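Each remark here refers to the structure printed beneath this line.
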Amino acid sequence: MHRIRAYRALAGLSVQRLLAYRAHFWVALASRVLTLVVLVAFWRAIGEADAVTTAEREASLRYLVVAQMVAPLAISMLIPMFGSAVLDGSIAVELLRPLDVQECFYAQSLGTLVAGQLREMLVLGVVGVLWLDLVLPTDPRIYLAFLVTVLLGHAIMFLVDWGFAMLSFVTTATWGLSSMRHVLALFFGGALVPPQFAPPWLKTMAAALPFAEVVAAPAGVLLGTVPLAALPRLWLGQLAWLVGLGIASRVVYRLAIRRVTVAGG
Amino acid sequence: MARYLRLYRAFLAQWLKTLLQYRFNFVVGAASTLVQQATGLLVLWVAMLRVPRLGGLGGWGRDEILLVYGLLLLAKAINHLVADNLWSLGILYIRTGRLDTLLVRPVNPLFHVLVDRFGHDGLGSFALGVALVCRAALRVGVAWTPLQIAYLVVAVLSGGVIFIALNLITSTVGFYIIDAMPLTLAVFQTHELAQYPVTIYRKGVRVLVMCAVPYVFASYVPASYLLGKDAGWLAGAGPLVAGGLLFVGYRLWQRGLEHYGSTGA
Numbered sequence: 710m711h712r713i714r715a716y717r718a719l720a721g722l723s724v725q726r727l728l729a730y731r732a733h734f735w736v737a738l739a740s741r742v743l744t745l746v747v748l749v750a751f752w753r754a755i756g757e758a759d760a761v762t763t764a765e766r767e768a769s770l771r772y773l774v775v776a777q778m779v780a781p782l783a784i785s786m787l788i789p790m791f792g793s794a795v796l797d798g799s800i801a802v803e804l805l806r807p808l809d810v811q812e813c814f815y816a817q818s819l820g821t822l823v824a825g826q827l828r829e830m831l832v833l834g835v836v837g838v839l840w841l842d843l844v845l846p847t848d849p850r851i852y853l854a855f856l857v858t859v860l861l862g863h864a865i866m867f868l869v870d871w872g873f874a875m876l877s878f879v880t881t882a883t884w885g886l887s888s889m890r891h892v893l894a895l896f897f898g899g900a901l902v903p904p905q906f907a908p909p910w911l912k913t914m915a916a917a918l919p920f921a922e923v924v925a926a927p928a929g930v931l932l933g934t935v936p937l938a939a940l941p942r943l944w945l946g947q948l949a950w951l952v953g954l955g956i957a958s959r960v961v962y963r964l965a966i967r968r969v970t971v972a973g974g
Numbered sequence: 323m324a325r326y327l328r329l330y331r332a333f334l335a336q337w338l339k340t341l342l343q344y345r346f347n348f349v350v351g352a353a354s355t356l357v358q359q360a361t362g363l364l365v366l367w368v369a370m371l372r373v374p375r376l377g378g379l380g381g382w383g384r385d386e387i388l389l390v391y392g393l394l395l396l397a398k399a400i401n402h403l404v405a406d407n408l409w410s411l412g413i414l415y416i417r418t419g420r421l422d423t424l425l426v427r428p429v430n431p432l433f434h435v436l437v438d439r440f441g442h443d444g445l446g447s448f449a450l451g452v453a454l455v456c457r458a459a460l461r462v463g464v465a466w467t468p469l470q471i472a473y474l475v476v477a478v479l480s481g482g483v484i485f486i487a488l489n490l491i492t493s494t495v496g497f498y499i500i501d502a503m504p505l506t507l508a509v510f511q512t513h514e515l516a517q518y519p520v521t522i523y524r525k526g527v528r529v530l531v532m533c534a535v536p537y538v539f540a541s542y543v544p545a546s547y548l549l550g551k552d553a554g555w556l557a558g559a560g561p562l563v564a565g566g567l568l569f570v571g572y573r574l575w576q577r578g579l580e581h582y583g584s585t586g587a
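Protein chains in written order, with my numbering: chain A, 710 to 974; chain B, 323 to 587.
Take a look at the structure:
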C-alpha cells in the first residue's frame, strides 16, 4: 500500500511537470500535426500515381491518420531523462530510494501517458475528424479495447526504452539514441508506411520487432481491422512481448548497474 | 576574418581531441543521425517502388525527388555541423548565466557560442546527403556545366545558411523568454514540408508552403532550376533569402545581447 502511494505520487509529479511546460506540449503537438499533413499529402500522391484502387487508397489514408494519432505512444523522453540522471549523478538518489528503480520510472511514464500522450492522441483525433475525414467508431467497447491495447503497447515501449536507457552507463549521446529509437519505432511500428504499400520484407521485419504492438495494434483496433473477437489473440501477443522484454530488461539492468560511478565514488 | 578562421581551426582541433577521448560517443552520435536519415530515405524508397520512374509524383520522377530530398538533407546537415549549439542558447547559456564568460572574451560572442560545440553527429547526414545528391545528379540526365555545378554549391550553402538563420532568429527569443526551444522546434519542423516537391500538396497548402516556408529555397527551388523545370525568378533568390534571414538573425542577436541582464547572481 505504501509503495502504491509512492508510485501514485511519482506519476502525479510527472503529470505536474507536463502541465507546467505547456508550450512544449503544444509545440510537440503542432509538429505532429505538420507531420500528419506532410505524410497524408505524400501518400495520397503515391496512391494517385500507383495502380491501387480508390478504396485501397482511401483505406491507406484512413490508416495513416489513425496511426499518426497513436504515434505519440512511440515517443518518450525516458532515454535522455535517464541519461541526464546518470550524467549529473542524480541517479544516486533513485538508487537509494526504498523503491524499485524500474517501477519508479514506469510510474512516471504512466503519468506522461495520461497527461501527455493520451491528450495528444485526443487532439490529433479531433484534427483527423475535422480536417481529414476521419470517421471514428461509435461502439464504446472498441474504445475500451483500444485503451487496453494502448496500455499494453505503452508498457512494451517502456521496456524497450529501458534497454536503450541502460546504454547511458557507457555513452552520453543519449539524445541521439533516443531520436534513433523514435524513428525506428515509427517506421517499423507502421506509422510512416501504410500496410497497403508496405513491401513483404518490411512486413516480415515489423512482425519480428515489438514496435507494431505499440502503433499498428492500437490503430488496428480503432479502425476495426482487428475485430473484437480477435482481441484475446492480439493481447496475448502483446503480453508475450511484455514478459520477454520484462525479463530481458531486468537482466540488462543488473549488468548495467555494475558500471555506475557517481561523482567519482 | 583570417583571425576567426584560425580560431575556428583551433576550437575544432580541441573538439576533435575530446571526440578522440570519447570515441564511443562519437560513433553512437554519428550512427544515430545516420539511422534517422536512412529511415526517412527508406520511407521514400518504399514509396518510390510504387511510382513510375518518370513524372510519377506530381510531375516529378524518382531521381528528381531524390535530388529534392538530398539537397534538403545537405542543408540540414550543414546547420547541424556548424550551428547545432544554437538550440541550447536559452537553456545552457542564458538561464545559467554561462553567456557572461563568453561576453568577456575578445571574440564575437555568437561565434563563440557556435564553436563551443560542433555538431559532429551531422557527419552521418552530410555523407548521406552527398551520396543522394551525387546519385540523383548522375541519373537525372542533366548536362553538368561549370555554371550548374557552381549553382549547386551555392544552393547547398544558401540552404545551410537558411537553416542556421532561422534557428538564430528563433533562438534569440531566448533572451526574453529563456527557453525558446519550443519556438525553434516549431519553425524548424516546417522543413518537413520542403522535403518533397511542393506539387504533391493540394493548392492551398502549396501556396502556403511557397509563400511562408523559406526551406523550399534549400530543396524544391534549386532542384527545379537544375532539372530545367520552371522555377522563374525564384531560382536565383536562394542566396538573397539566406542573406536577408541571416542579417535579420544577427540584428536580433545584437538586440538580444543589449537586453541580456545575466542571472542577477
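Built from N, CA and C at the ideal position, the CB exists for glycine as well. Since this is a predicted model, take the numbers as computed values, not measurements.
- The contact set of Ile522(B) on chain A, defined by CB atoms closer than 7 Å, consists of Ala750, Phe751, Ala754 in chain order.
- If you keep only unbroken beta strand (DSSP E) runs of at least 3 residues inside the stretch 428-498 of chain B, you get nothing at all.
- By the rule that beta-carbons nearer than 9 Å mark a contact, Met889(A) touches chain B.
- The beta carbons of Leu396(B) and Phe440(B) sit no closer together than 9 Å.
- Separation of the CB atoms of Leu548(B) and Leu474(B) is rounded to 7 Å, and the pair is thereby assigned contact status at 8 Å.
- Annotation for Met790(A): no residue places its beta carbon closer than 7 Å to its own, counting only its chain and skipping 5 residues before and after.
- For Leu722(A), the closest of Leu745(A), Leu738(A), Gly825(A), Ala949(A) by C-alpha to C-alpha distance is Gly825(A).
- For Glu812(A), the CB contacts under 7 Å within the same chain, skipping 5 residues up- and downstream, are Tyr716 in chain order.
- Contacts with chain A at 9 Å (Cβ-Cβ) do not include Arg420(B).
- Taking a contact as a CB-CB distance under 8 Å, the pair Pro536(B) and Leu567(B) counts as one, their CB atoms being some 6 Å apart.
- Using a CB distance cut-off of 9 Å, Asp501(B) counts as an interface residue toward chain A.
- Per DSSP, the continuous alpha helix (DSSP H) segment holding Tyr542(B) begins and ends at 542-548.
- Contact between the stretch 428-439 of chain B and the stretch 326-338 of chain B is present: 3 or more CB-CB pairs across the two stretches fall below 8 Å.
- Of the residues assessed, Glu580(B) falls on the exposed side of the cut-off, its CB having fewer than 16 other CB atoms within 10 angstroms.
- Per DSSP, the continuous alpha helix (DSSP H) segment holding His891(A) begins and ends at 883-898.
- Contact residues of the stretch 507-522 of chain B toward chain A are Leu507, Ala508, Gln511, Thr512, Glu514, Leu515, Tyr518, Ile522 (C-beta to C-beta distance below 7 Å).
- Restricting attention to Thr847(A), Trp752(A), Phe920(A), the CA atom closest to the CA of Arg372(B) is found in Trp752(A).
- The criterion of a C-beta distance shorter than 9 Å is satisfied by Ala360(B) and Leu450(B).
- Considering only Gly362(B), Thr355(B), Gly482(B), Leu356(B), the residue with the shortest C-alpha distance to Thr744(A) is Gly362(B).
- Around Ser785(A), the same chain offers Asp870 as residues with beta carbons nearer than 6 Å, after the five sequence neighbours per side are excluded.
- For Leu379(B), the beta-bridge partners assigned by DSSP are Trp382(B).
- Between Asn489(B) and Ala399(B) the beta-carbon gap is near 14 Å, outside 8 Å, which marks them as no contact.
- Within chain A, the C-beta atoms nearer than 9 Å to that of Phe346(B) come from Val879, Thr880, Ala882, in chain order.
- In terms of Cβ geometry, Gly862(A) and Val923(A) form a close pair [threshold 9 Å].
- Beyond the five residues adjoining it in sequence on each side, Gly898(A) comes within less than 7 Å, by CB distance, of Ala783, Phe920, Ala921, Val923, Val924, Ala925 in the same chain, given in chain order.
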